[in-house]
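Reviewing the structure listed below.
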Amino acid sequence: MTADAATGPEGRIFDLVVVGSGAAGLTAALTGLLAGLKVAVIEKLDVIGGTSARSSGTVWVPDNHFMHMAGFSGERQSAGEYLAALTGEDGDSAMWRTFLANAPRMIEDLNTSAGIAFRPYEAAPDYRQDKPGAASGWRALEPVAFDGRELGGDFYRLAWPIRELMLFGGLMVTRGEAAMLLNAERSLSAIGLGMRLVGRYLLDRIKYRRGTRLVLGNALVARLLKAVVDRGGMVSTGVTPLRLLVEGGVVRGITVRNGEAAEDIRARAAVILAGGGFPANGEWRSLYLPAPTPEHTPASPGCDGSTIRIALEMGAALGRQGKDNALWFPSSVAGRHDGSLVVYPHIVLDRAKPGLIAVNHRGVRFVNEAVSYHEFVRGMYAADGEHPAIPAWLICDRHFIRRYGLGLIRPRALSLRHHVASGYLKRGRSIEALADEIRVPAEQLSLTIARANEFADTGVDLDFGKGGSLYDRSNGDPLVKPNPCLGRIENGPFYAVAVYPTPLGTSLGLLTNHDAQVLNADGSPIRGLYVCGNDMHSVFAGEYPGAGAQLGQAMTFAWIAARHAAARTGATSISDIIREEKAI
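The sequence shown begins at 212 in our numbering and counts up by one.
Put into structure tokens, the structure is as follows:
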């Protein structure tokens, strides 16, 4: 099986041309193929998957079929209340209602028609538990593990996850597996899991550069890719979009650079843009994101806004700018042996655990460390008036770093010497010595830690409420009482790692209608042009409802876009209307 033609897409005439190979682009392509269309996917990088391949692969789908089977009722109403409260006046209720109506249909359709398999993430609470309608779980779905060997030669074209998030530089594990392995010394089942995973990995390394057991975003992208290629879709890499082909006001294709040559790829039905937004475009970050401007991103380098740009050049409209226009991760940054940088996202493995605090340049806490990654970075920007907490310092002690790790440092690491020598990890024999290392006032840092220790003893964080919500506690340590997110910082040496705001994605994108058609400045749709993923303006008004919200939105509107485009061609397998006109 191959997903690439060395000289570019065969022919030059397709029904549907999709620009971008992340989960959104591949979902659009697969949906078009299921409708009987001839489909080409073009990807500017030499690897397939975009930021989706680096992600958790989780999709946020309220009212999904797993919830129905489990007996949930009134779920769409509840999810609507949640999104209304979360997005407020900035939200477009018609758009998020379209999402709620179609996301469950999308997931079930892809599963039954193409075997795109998920399982419910029962213990994944929505991020904003303070909002009415927030769920305690089940809305997030995670991809089922996939055997990369089924991709054949395309396995080598699949983008890697962030390498430092894998064990031994190539073994992928899920969040649940990571939690089990963390307690390996206390559990025979965890020891057995570790032996099975490592055994499979060692066999894989005889033939492959990394493990072939794919989970998280790699599993999602791989499964979509195989489904696309098996159905005759063309996925071509190293092809750069240059401009849209427009005839009589209708988009008829796209001009691309393929190697040294420019060529036209024509689309009978539509072009769908799914380029991943602009987190990797430094100039646009300076223009649209808050100051101080983020210098780095954990997103794919292909997410440079080029697909948004070619739409703007023909008169497409951008959505209304939000409070920050980004979907945030707090990340630490370090150099690799090959001279490249790793931008390591601090998602759930350390911030919420007991015995860690985050402080600003004054040595003062500024946020509940256990909030979602998105809200944590917002707290960094909001801290201390005109002096954002950038960088913020994650502070812990010897016991914490041994038990939970910290950023790039694994739990029970044999040596911290390299990380200290590189400057990534700051160390002090005393709190005062650590304060000197990170250049914060020693007296204030000592007072801050003393107060945090008092909260650990009582189990109540009186300042920021760490561990006070179900979401907080879901990422804490259930073995720690009375609060799984609070622990004392008292056993030197003491450690600190700097974290910075880094956009995983961007929420400012092309304005669309409910069918994912790109709109002109006058609000009319541009015929033949659709958008999905982070190229599309955020349905959630830049908010982050829960795990997988961005992929859920991306795949849903990719599905809507491809079905709408297929209906315009009169494809015989499209038998029902695209969008449910169903109010909540």
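Virtual Cβ for every residue (Gly too), placed ideally from N, Cα, C.
Fair warning: this is a prediction, and the values are worked out from it, not measured in the lab.
Beta-bridge annotation (DSSP): GLY381 is not paired with any residue.
Using a 10 angstroms sphere on the CB of PHE379, the tally of other CB atoms stays under 16, which defines it as exposed.
DSSP places TYR338 in the coil class of the three-state scheme, outside both helix and strand. Only residues of its own chain outside the window of five on either side were considered, and among them LEU697, GLY698 and ARG699 have a CB closer than 6 Å to the CB of ALA667, listed in chain order.
DSSP places VAL229 in the uninterrupted beta strand (DSSP E) bounded by 224 to 230. A direct Cα-to-Cα measurement between LYS637 and HIS775 gives close to 54 Å.
Take the alpha-carbon of GLY734 and the one of GLU494: they are about 27 Å apart.
Closest option to GLY233, judged by alpha-carbon separation, among LEU605, ILE519, TYR682 and GLY513: GLY513.
With contacts defined as CB atoms closer than 8 Å, ALA510 and ALA235 fail to qualify as a contacting pair.
About 7 Å separates the CB atoms of ALA430 and VAL355; that is less than 8 Å, so the two are in contact. Nearest neighbour of ASP274 by Cα position, chosen from ALA314, HIS572, GLY410 and VAL252, turns out to be ALA314. The closest CA to that of LYS255, considering only ALA478, VAL230 and SER266, is found on VAL230. Pairing ARG684 with ALA563, the inter-Cα distance amounts to about 8 Å. Considering only GLY470, GLY285 and TRP307, the residue with the shortest C-alpha distance to LEU294 is TRP307. DSSP, read as helix, strand or coil, puts ILE642 in helix. VAL432 sits away from LEU352, with the two beta carbons spaced by 8 Å or more. Rounded to the nearest whole angstrom, the C-alpha separation of ALA389 and SER398 is 13 Å.
If the five residues before and after ALA346 are omitted, its C-beta is found closer than 6 Å to the C-beta atoms of ASP337, all from its own chain and listed in chain order. VAL409 carries a helical assignment under DSSP once its states are collapsed to helix, strand and coil. PRO756 is the residue among GLY618, PRO756, ILE771 and THR767 whose C-alpha sits nearest the C-alpha of ARG339.
Taking a C-beta distance under 8 Å as the contact criterion, ALA537 and ASP515 do not qualify as a contact pair.
Counting only the Cα atoms, ALA281 lies some 42 Å from ALA528. In the DSSP assignment, GLY744 forms no beta bridge with any residue.
Per DSSP, reduced to three states, the secondary structure at LYS437 is helical.
When C-alpha distances from TYR615 are compared across ASN686, ALA661, VAL575 and ASP674, the shortest belongs to ASN686. Within the DSSP bridge table, the entry for SER447 names ILE253 as partners. Only residues of its own chain outside the window of five on either side were considered, and among them ILE465, THR466, VAL467, ARG468, ALA473 and ILE521 have a CB closer than 8 Å to the CB of LEU453, listed in chain order.
The DSSP-derived three-state label of ASP608 is strand. The C-alpha of LEU740 lies about 20 Å from the C-alpha of THR717. Per DSSP, TRP349 lies in no beta strand (DSSP E) and is assigned neither H nor E.
If you keep only unbroken alpha helix (DSSP H) runs of at least 4 residues inside the segment 609 to 674, you get 609 to 615, 628 to 633, 642 to 649 and 653 to 669. For VAL258 and THR448, the gap between their C-alpha atoms comes out near 7 Å.
For ASN313, the enclosing alpha helix (DSSP H) has its first and last residue at 304 to 325. Beta-bridge pairing by DSSP links GLN728 to TYR741. Beta-bridge partners assigned by DSSP to ARG576: VAL570. Secondary structure at SER497: helix, using DSSP grouped into helix, strand and coil.
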